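S.K.:
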Amino acid sequence: MKKRILLLVVVFQLTSCSELQQVLNQLPNGVITNDQIAGGLKEALNNGITNQVTKLTVEDGFFKNELTRILLPEELQKVDNTLRSIGLSKLADEGLKVLNRAAEDAVGEAIPIFVDAIKEMSFTDAKNILLGDKNAATIYLQNATSEVLYQKFHPIINNSFQKVGADKIWNDLITKYNSIPLTNNVNPDLTDYVTGEALKGVFTMVEVEEKEIREKVSSRTSDLLKKVFALQDK
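Just so we're aligned, residue 513 is where the sequence shown starts under the working numbering, counting upward by one.
1. Compute the Euclidean distance between the alpha carbons of T545 and D592, then round it to the nearest angstrom.
2. Between E719 and A656, what straight-line distance do the alpha-carbon atoms span, to the nearest angstrom?
3. Could you give the distance in angstroms between the alpha-carbon of D735 and the alpha-carbon of I549?
4. Cα separation between N804 and P667?
5. Which value, in whole angstroms, describes the spacing of the CA atoms of A648 and S730?
6. Helix, strand or coil: how does DSSP classify E578 here?
7. Let me know if S553 comes out buried or exposed under the rule of 16 or more other beta-carbons within 10 Å of its beta-carbon.
8. Mind the definition here: the region 566-578 touches the region 698-717 only if three or more C-beta pairs lie below 8 Å; say whether that holds.
9. Using beta-carbon positions only, say whether T636 and E722 come within less than 9 Å of one another.
10. Could you compute how far the alpha carbon of V660 sits from the alpha carbon of T562?
11. Buried or exposed for K602, please, with buried defined as at least 16 other CB atoms from any protein chain shown within 10 angstroms of its CB.
12. Tell me where the alpha helix (DSSP H) around D645 begins and ends.
13. Roughly how many angstroms separate the alpha carbons of A615 and T594, rounded to a whole number?
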């Protein structure tokens, strides 16, 4: 069986899809097919959405997750530090929370977009992912969905800021900071910043699941996942 798997990996690397299909058809029964490979990669990505991305859609899904928590942009770190140093930590915390709440509101829009991208995955995509880097599936989704996700996330995050009063919170926060002697006034585009950070958080969680499936046999929760990802095991 190991010899068959090694043979199949060599075939993947050296042949085109049409040639690969011809060779697969000649292999003994029990060797994995191209449909199974594509199906296994789709299942892995769907698991990433179900097991990880959905965690971000609930309250504190971003804020209490150390991997995805959205902090202030670099140019506003001094705002946060200064406010805390003068006893305004509560206000600084509220400013952080509304950024993360906006991201949590937006992430639900990612799921159907991901599902569509996964459905469109070809056998060639699946082959390249399987034999690619350990985050190849995540990169595939990034390339296939980032532009559409940004367009979906941006207005939702903007609306969320208004809904939860983030515009007022940040106005108060920045006003207090700008009134402190010897500080420079700041006024960043927080909607664009949080949209970008929300996207990073989503793909971070997809990558978490991909890494689990690639590295831990126990995370391959179906026979198909076990069969497909055995091909990339060392």
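Heads up, the beta-carbon is just placed ideally off N, CA and C, and yes, glycines get one too.
Computed from a predicted model, the values in this text were never measured in an experiment.
M.R.: Walking through what the data contain:
1. 55 Å
2. 15 Å
3. 12 Å
4. There is no way to answer for residue 804, as the model of the chain reaches only from 513 to 746.
5. 20 Å
6. coil
7. In the sequence on display, residue 553 carries Leu and not Ser. It is buried - the Cβ of L553 has at least 16 other Cβ atoms within 10 Å.
8. yes
9. no
10. 20 Å
11. exposed
12. Counted as a single uninterrupted DSSP element, the stretch harbouring D645 is not any alpha helix (DSSP H), since DSSP gives it neither H nor E.
13. Roughly 25 Å between the two C-alpha positions.
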